[in-house]
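Before any comments, here is the structure.
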Amino acid sequence: MNAREQADAHVRAMMRWHFDPATGSRYWLDRRDQLGFDPVEDVRRVDDLLLFPNLVDELREVPVEDLVPRGLDATEKVFAVYESGGTTGAPKRFVMFENWFDQYMAWENSQYPDDGEGHALAVAPSGPHMLGEYSKRIAEARGGIRFSIDMDPRWVKRLLAAGDTAGARAYVDHLVDQTELVLRSQEIAFLITTPPLLARLAERPSARALIQEKVRLVIWTGAHMDPDTLDYLSTELFPKTRFRGSYGSTSVLSGTVQRPDPEGTGDAVFDSYAPFVLYRVVDPTTGRPVEFGSEGAVVMNYLTKYGLVPNSLERDLATRVPSPTGAGDSLRNIRPVAEVDGQKMIEGVY
Numbered sequence: 303m304n305a306r307e308q309a310d311a312h313v314r315a316m317m318r319w320h321f322d323p324a325t326g327s328r329y330w331l332d333r334r335d336q337l338g339f340d341p342v343e344d345v346r347r348v349d350d351l352l353l354f355p356n357l358v359d360e361l362r363e364v365p366v367e368d369l370v371p372r373g374l375d376a377t378e379k380v381f382a383v384y385e386s387g388g389t390t391g392a393p394k395r396f397v398m399f400e401n402w403f404d405q406y407m408a409w410e411n412s413q414y415p416d417d418g419e420g421h422a423l424a425v426a427p428s429g430p431h432m433l434g435e436y437s438k439r440i441a442e443a444r445g446g447i448r449f450s451i452d453m454d455p456r457w458v459k460r461l462l463a464a465g466d467t468a469g470a471r472a473y474v475d476h477l478v479d480q481t482e483l484v485l486r487s488q489e490i491a492f493l494i495t496t497p498p499l500l501a502r503l504a505e506r507p508s509a510r511a512l513i514q515e516k517v518r519l520v521i522w523t524g525a526h527m528d529p530d531t532l533d534y535l536s537t538e539l540f541p542k543t544r545f546r547g548s549y550g551s552t553s554v555l556s557g558t559v560q561r562p563d564p565e566g567t568g569d570a571v572f573d574s575y576a577p578f579v580l581y582r583v584v585d586p587t588t589g590r591p592v593e594f595g596s597e598g599a600v601v602m603n604y605l606t607k608y609g610l611v612p613n614s615l616e617r618d619l620a621t622r623v624p625s626p627t628g629a630g631d632s633l634r635n636i637r638p639v640a641e642v643d644g645q646k647m648i649e650g651v652y
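When you line the sequence shown up against this note's numbering, it's residues 303 to 652, in that order.
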């Protein structure tokens, strides 16, 4: 059985799990008869996941107990409830199980065997966001200590929405001040942050010099970075520092791995943890996959025994790239859409 066939078999197994009264969650069992199709009989392969409506907005209000599959035994522990960034309204909530977090992080860390050891500094949100714990596990896997500067991305978005650019800038300067203090006093090998914050660190000569001196690897995530900015940061400002992106979403409780770029083209392609997390790039009008090499809307699917989030339409566009396994798609040239349902998108710092 090849990887694509294994992914199709996984899809069928997850449909049986989540829609069996003995193993499924209250949320999905209650919705089975409202779907307009039979998920067990009709969803037989990866592409059939496109039959599902995008129900992710319902997760703003659903009690988290309703999302827990009944088939999980007592050894499966909820690690946290994580929330989306709240860019398009009230945040959506997703249940993270400890074993899934361990499984996902083991996969991601196995893709980067040459990082070496050292301490990490995360300038990123914690609280209800997954990035805080993610950065801690990145540091632990590399034999180091995680230093952290907390931030509230929702406050920045609120300031920007109100037109208070001076307030937003003052808050970001506050984050840069704290970051510089850690960089000055500690041996930081890995810097984990968002592109907007990295750009502000690069603007300040003293902070820029500390990164140039100490940081071996920048892991950027949580917001978008266009190719020109990435090229400028990695070749002009920080030529001795490696850069690696991680694109993901709270809706799939995971990120991606960035493919190696041995040719040095700066072409950032992101692969998901298939078959547990599958992407599709679709025509936003028809909902069908676009041709490889074409741009479309990003759709994500989370398919584990811990939860089901199918056909979640993200607020991003990307170029469709063949995945390494043939299951789902990989993504290139990811960028945010300008509006969602007529509402202007504010990315802020996360």
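By construction, the Cβ of each residue, glycine as well, lies at the ideal position given by its N, Cα and C atoms.
Bear in mind the structure is a predicted one, so any value in this text is a computation, not a measurement.
Distances from the CA of Arg-372 to each of Asp-359, Leu-357, Gly-391, Pro-323 were compared; the closest alpha carbon is that of Pro-323.
Taking Ser-487 as reference, the option from His-476, Arg-506, Phe-399, Lys-516 with the minimal CA-CA separation is Lys-516. For Glu-482, the enclosing alpha helix (DSSP H) begins and ends at 467–487.
For the pair Ile-451 and Ala-470, the Cα-to-Cα distance works out to about 17 Å. Per DSSP, the continuous beta strand (DSSP E) segment holding Asp-573 begins and ends at 571–573. Here Pro-577 is near His-312, since their CB atoms are less than 8 Å apart. Taking one beta carbon from each stretch, the stretch 552–559 and the stretch 408–417 have 3 or more pairs nearer than 8 Å; the two touch.
In the three-state DSSP reduction, Arg-561 falls in the coil class, being neither helix nor strand. According to the DSSP assignment, Glu-616 belongs to the beta strand (DSSP E) that extends over 609–624. For Ser-548, the enclosing beta strand (DSSP E) stretches over residues 544–548. DSSP lists no bridge partner for Thr-377.
Take the alpha-carbon of Glu-505 and the one of Leu-477: they are about 13 Å apart.
In the three-state reduction of the DSSP assignment, Asp-417 falls in the coil class.
Assignment of alpha helix (DSSP H) within the stretch 331–363, counting only whole runs of 4 or more residues, yields 341–344 in chain order. The shortest CA-to-CA distance from Gly-630 to any of Pro-638, Val-584, Tyr-608, Ile-648 is the one to Val-584.
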